[in-house]
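This report concerns only the one structure given below.
Protein chains: 2
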Amino acid sequence: MARSPKMSDVAAAVGVSPMTVSRAFKRDASVSLATREKILTTARDMGYVFDSTASNLRSQKTGFVAVTIPSINNANFADTVGALSAQLSHAGLQVLLGYTNYNWADEETLIEQLLRRRPEAIIVTGGSHSERATTMLKNAGIPVVQIWDEPANPVDRVVGFSNADAMKVMVRHLLDQGRRKLVFLGGDDLSDVRGAERRAGFISALQDAGLDATRLINTGTPPVSMHQGALAMAQALATYPDMDAIACVSDLSAFGALSECQRQGICVPDHIAIGGFGAYDISAQSVPAISTVQVHSKKIGELAAQAILAALDTEKPAAPKMQRVQPDLIIRGSTQSA
Amino acid sequence: MARSPKMSDVAAAVGVSPMTVSRAFKRDASVSLATREKILTTARDMGYVFDSTASNLRSQKTGFVAVTIPSINNANFADTVGALSAQLSHAGLQVLLGYTNYNWADEETLIEQLLRRRPEAIIVTGGSHSERATTMLKNAGIPVVQIWDEPANPVDRVVGFSNADAMKVMVRHLLDQGRRKLVFLGGDDLSDVRGAERRAGFISALQDAGLDATRLINTGTPPVSMHQGALAMAQALATYPDMDAIACVSDLSAFGALSECQRQGICVPDHIAIGGFGAYDISAQSVPAISTVQVHSKKIGELAAQAILAALDTEKPAAPKMQRVQPDLIIRGSTQSA
DNA sequence: CTGAAAGCGCTAACAG
DNA sequence: CTGTTAGCGCTTTCAG
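Just so you know, the sequences run in chain order V and B.
Note that the first sequence covers residues 11 to 348 in this note's numbering.
Note that the second sequence covers residues 11 to 348 in this note's numbering.
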């Protein structure tokens with residue numbers, strides 16, 4: 011197969027200048043209807059494929075928005091990215107996605123790799139990064155949005171919430187149900203910043219209530235799976251036989267905990283109440299359904315996209331730098347008798 | 011903030027030619043150790059960020075591998091993409107991901123968008139596409155890998171399996187357990203090619219056994235959620251009160267079906283056996299655990315990456331065009347009494 | 001509405 | 001090991 015045709019090849023075939031072909035490929039550019047049609051038909055017949063790499067260099071616009079998430083295999087982040095992609099694609103922007111593996115070093119490398127591609131904006135999950143990563147973000151000269159967190163020192167824009175406060179709401183609900191001997195499952199790993207914040211919220215809420223806040227079960231490195239949740243629940247039951255409630259770092263571990271209870275013949279919620287986090291599908295479908303914290307993953311994606319579009323559109327007034335997407339408590343059977 | 015520095019700015023600051031700076035940024039290029047170190051330090055101090063867009067144009071290499079999946083929110087495809095990304099990143103290649111929304115028209119647009127970015131290879135999920143999409147893939151002049159399917163007319167390379175055969179194995183297992191009144195859940199939508207194939211496998215296996223193969227429950231457009239699975243199960247129970255087994259298009263719908271049985275007080279597997287598909291985490295953790303078809307999502311990603319790397323490396327001998335990743339039946343409590 | 005000239009920032013190719 | 005020259009394929013800019 012021969013070298014793939016370029017714009018000048020199409021131009022020669024049609025009998026116009028390359029510039030006219032270039033215009034024919036833009037929505038708004040002024041080209042006569044007949045000429046445009048002829049160009050597009052000819053281009054298609056020749057198998058011409060527009061070369062973005064050249065366009066990007068000359069126009070200094072790539073149409074990329076870089077996005078980092080801890081892991082691709084997480085329904086919450088997937089929802090955020092899905093909403094983000096959908097919104098941005100309307101504006102002709104494409105998501106360039108990368109995974110940090112819940113790891114600062116990987117994140118730093120990733121951010122550098124992504125910035126080399128000259129994205130027009132960058133969205134990072136989380137509010138704490140290595141020093142160099144923070145510097146790179148600050149100096150990138152493009153809009154930066156931190157999501158899924160509420161950083162003390164934001165780099166630029168933020169669309170997030172306080173993971174600690176969200177967990178406090180769940181703990182207070184468990185206390186309202188009369189539970190007093192609470193255990194927390196997960197969030198011990200330093201690399202899982204949001205998990206650690208949820209754990210801190212658990213501790214803080216119990217201390218406020220004057221209750222024992224030291225019952226914490228470790229699950230190791232994130233992501234915390236259903237299976238790890240089940241193992242941790244078995245450990246919790248062995249360590250704290252008098253426990254009457256457990257708050258889990260996510261719905262996945264909560265479901266693992268629930269299934270472990272079922273295997274051991276422990277009744278949920280009568281004997282032990284289980285609280286989840288994240289409003290994954292599983293929490294609505296399990297029997298009993300699991301009470302959880304709805305974090306509005308899609309909404310975060312939508313707002314982040316809008317923040318980007320507003321920042322990129324110099325015509326529009328600046329949007330607020332910080333947008334809080336307040337999580338909601340969803341009460342279900344796992345914490346409340348029928 | 012001033013215009014971001016370019017290579018020639020770094021070169022001027024260090025007192026070398028831009029070419030030497032360029033070489034300093036390549037792993038293997040020959041530059042004296044002292045010079046390279048000085049260049050890298052100076053570049054960092056200046057906040058220089060290498061510009062891939064220029065490099066891509068000049069060297070005619072982008073380092074991108076385009077990948078299409080139906081939906082980002084699917085643990086199976088996420089596993090495949092995760093394995094793919096990990097393998098390719100070792101070779102300095104970055105995944106450029108796009109979603110087809112289980113839709114041929116969207117896929118066609120997406121493939122065109124991706125090809126404009128000049129990826130060095132493209133991996134598409136599924137083996138059937140619009141005519142124009144197929145043409146674009148064939149003419150792209152880069153390695154193409156179709157995954158998760160076994161197309162009758164492959165475009166180029168394939169890493170997949172027969173969804174119909176995989177479902178047949180599940181149906182035969184149900185028959186071996188003495189079940190005779192089987193229902194299939196899902197796979198009716200034309201856009202879900204793999205679901206439709208599984209359904210075809212169900213029908214074929216039952217016909218081979220001389221049994222009624224007409225008990226099919228529709229679930230509408232993919233992806234089929236847990237909730238849709240539960241609704242469909244309720245419909246199945248109402249329509250076919252004498253059913254003794256149900257084969258589901260995925261573990262998610264199987265879990266929805268299981269939870270619906272639990273809500274209705276129907277015992278699984280004693281009264282009804284439930285078969286899933288995909289070996290999602292949920293199938294191992296539910297009570298009872300769900301028998302499923304393990305499709306080796308990660309392995310598919312790894313082999314696809316290797317196929318790409320082999321195709322890109324002209325030194326290496328050509329890998330086989332078609333690689334079958336045979337699914338395995340996993341038998342658990344949902345189809346077999348303890 | 002269309003065209004000509006120049007150049008985006010980097011690197012292939014060649015020279016030393 | 002280092003430098004020079006030219007140009008990747010498109011689009012900005014300026015003319016007409």
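Think of the CB as a built atom: it goes at the ideal place given N, C-alpha and C, for glycine as much as any other residue.
(message) Tell me which residue opens and which closes the alpha helix (DSSP H) that D338 (chain B) is part of.
(response) Membership of D338 (chain B) in any alpha helix (DSSP H) is not indicated; the residue belongs instead to the beta strand (DSSP E) covering 338-340.
(request) Output, in chain order, the set of chain V residues within a Cβ distance shorter than 9 Å of A294 (chain B). (result) Under the 9 Å cutoff, chain V gives M236, H237.
(message) Check whether the stretch 164-172 of chain B and the stretch 332-339 of chain B are in contact - that is, three or more C-beta pairs closer than 8 Å.
(response) Of all C-beta pairs linking the stretch 164-172 of chain B to the stretch 332-339 of chain B, three or more are shorter than 8 Å, placing the two stretches in contact.
(request) Tell me whether F87 (chain B) sits in a helix, a strand or coil according to DSSP, three-state version. (result) F87 (chain B): helix per DSSP, three-state reduction.
(message) Threshold first: 4 residues or longer. Then list the alpha helix (DSSP H) segments lying entirely within the stretch 85-172 of chain V, N to C.
(response) DSSP runs (the alpha helix (DSSP H)) wholly in the stretch 85-172 of chain V: 85-100, 114-126, 141-149.
(message) Taking 9 Å as the threshold (C-beta atoms), are I256 (chain V) and I350 (chain V) in contact?
(response) The question about residue 350 (chain V) has no answer here: the residues shown for chain V are numbered 11 through 348.
(request) For chain B, find out if any of its Cβ atoms is closer than 9 Å to the Cβ of V297 (chain V); answer yes or no. (result) The beta carbon of V297 (chain V) falls within 9 Å of a beta carbon belonging to chain B, placing the residue at that interface.
(message) Please confirm whether N228 (chain V) has its beta-carbon closer than 9 Å to some beta-carbon of chain B.
(response) No - not a single Cβ of chain B is within 9 Å of the one on N228 (chain V).
(message) On the CB-based measure, 16 or more other CB atoms within 10 Å of its CB, does C271 (chain B) come out buried or exposed?
(response) C271 (chain B) is buried by the Cβ-count criterion.
(request) Below 7 Å between beta carbons is the criterion; list the residues of the stretch 68-102 of chain V that meet it against any residue of chain B, in chain order. (result) Listed by position along the chain: T72, I82, N83, A85, A88, D89, V91, G92, S95.
(request) Compute the Euclidean distance between the alpha carbons of A215 (chain V) and N83 (chain B), then round it to the nearest angstrom. (result) Between A215 (chain V) and N83 (chain B), the alpha-carbon positions lie close to 33 Å from each other.
(request) Just tell me which of B:D38, B:T224, B:T45, B:A39 has its CA closest to the CA of A21 (chain B). (result) If you compare the alpha carbons of B:D38, B:T224, B:T45, B:A39 with that of A21 (chain B), the shortest gap goes to B:T45.
(request) Please list the partners that Y109 (chain V) has in chain B, where partner means a Cβ-to-Cβ separation under 8 Å. (result) Neighbours of Y109 (chain V) in chain B, taken as residues at a C-beta separation under 8 Å, are given in chain order as G92, S95.
(request) Kindly indicate if chain V contains any beta-carbon less than 9 Å away from that of Q346 (chain B). (result) Cβ-Cβ to chain V under 9 Å: no for Q346 (chain B).
(message) Taking 9 Å as the threshold (C-beta atoms), are G266 (chain V) and A242 (chain V) in contact?
(response) Yes. Within cutoff.
(request) Anything in chain B within Cβ reach of V59 (chain V), meaning under 7 Å, just list it in chain order. (result) For V59 (chain V), the chain B residues whose Cβ falls inside 7 Å of its Cβ are L125, R126, in order along the chain.
(message) Report the CB separation of S296 (chain V) from L268 (chain V) in whole angstroms; it is logged as a contact under 8 Å.
(response) Yes, they are in contact, since the Cβ atoms of S296 (chain V) and L268 (chain V) sit about 6 Å apart, within 8 Å.
(message) Short of 9 Å Cβ to Cβ, which residues in the stretch 147-160 of chain B face chain V?
(response) Contact annotation: in the stretch 147-160 of chain B, residues whose CB is within less than 9 Å of a CB in chain V are N149, A150, G151.
(request) Give me the Cβ distance between D198 (chain B) and T229 (chain B), rounded to the nearest whole Å; I'm assuming they're in contact under 8 Å. (result) So it is a contact: roughly 7 Å between Cβ atoms.
(message) My output table needs one value for G188 (chain V): the three-state DSSP class, helix, strand or coil.
(response) DSSP places G188 (chain V) in coil when its eight states are reduced to three.
(request) Using a threshold of 9 Å, state whether the C-beta atoms of A246 (chain B) and V193 (chain B) are closer than that. (result) Yes, Cβ-Cβ distance for A246 (chain B) and V193 (chain B) is below 9 Å.
(message) Excluding the 5 residues flanking D159 (chain B) on each side, which residues of the same chain have their C-beta closer than 6 Å to its C-beta?
(response) Same-chain partners within the cutoff: G136, G137, G170.
(message) With a threshold of 8 Å on Cβ separation, who are the neighbours of A23 (chain V) within its own chain once the five nearest residues in sequence on each side are excluded?
(response) Listed in chain order, the non-local C-beta contacts of A23 (chain V) below 8 Å within the same chain comprise T52, M56, local neighbours out to five positions each way being set aside.
(request) Check whether the Cβ atoms of Y112 (chain V) and T78 (chain V) lie closer than 9 Å to each other. (result) Not closer than 9 Å, so no.
(request) Just mark M11 (chain B) as buried or exposed, buried being the case when its beta carbon has 16 or more other beta carbons within 10 Å. (result) Annotation note: pLDDT 41 at M11 (chain B) (below 50); position unreliable, no value reported.
(message) Could you check whether the Cβ of N113 (chain B) sits closer than 9 Å to any Cβ belonging to chain V?
(response) Not one chain V Cβ lies under 9 Å of N113 (chain B).
(message) Is it buried or exposed, N66 (chain V), if we count other Cβ atoms within 10 angstroms and call 16 or more buried?
(response) Counting Cβ neighbours within 10 Å, N66 (chain V) comes out buried, since at least 16 surround it.
(request) Would you list the residues sitting across from S301 (chain V) in a DSSP beta bridge? (result) Beta-bridge pairing by DSSP links S301 (chain V) to V:G285.
(request) Measure the Cβ-Cβ separation of K191 (chain V) and M253 (chain V) and say whether it is below 9 Å. (result) In contact: K191 (chain V) and M253 (chain V) (Cβ atoms closer than 9 Å).
(request) Kindly say whether Q104 (chain V), judged by its beta-carbon, lies nearer than 9 Å to any beta-carbon of chain B. (result) With respect to chain B, the C-beta atom of Q104 (chain V) has a partner C-beta closer than 9 Å.
(message) For L200 (chain V) and M29 (chain V), what's the separation of their Cα atoms in angstroms?
(response) Between L200 (chain V) and M29 (chain V), the alpha-carbon positions lie close to 55 Å from each other.
(request) Report the residue from B:S307, B:L339, B:Q316 whose alpha carbon sits nearest the alpha carbon of G92 (chain B). (result) In terms of Cα proximity to G92 (chain B), the closest of B:S307, B:L339, B:Q316 is B:S307.
(message) Within 10 Å of its beta-carbon, does S42 (chain B) have 16 or more other beta-carbons around it, so buried, or fewer, so exposed?
(response) Exposed, since its Cβ has fewer than 16 Cβ neighbours within 10 Å.
(message) Within the continuous beta strand (DSSP E) that includes F74 (chain V), where are the two ends?
(response) Where F74 (chain V) is concerned, the enclosing beta strand (DSSP E) stretches over 74-79.
(message) Tell me the DSSP secondary structure of L226 (chain B) in three-state form.
(response) Three-state result, L226 (chain B): strand.
(message) Excluding the 5 residues flanking P129 (chain V) on each side, which residues of the same chain have their C-beta closer than 8 Å to its C-beta?
(response) Excluding positions up to five away in sequence, the list reads T72, F74, V75, A76, L106, I152.
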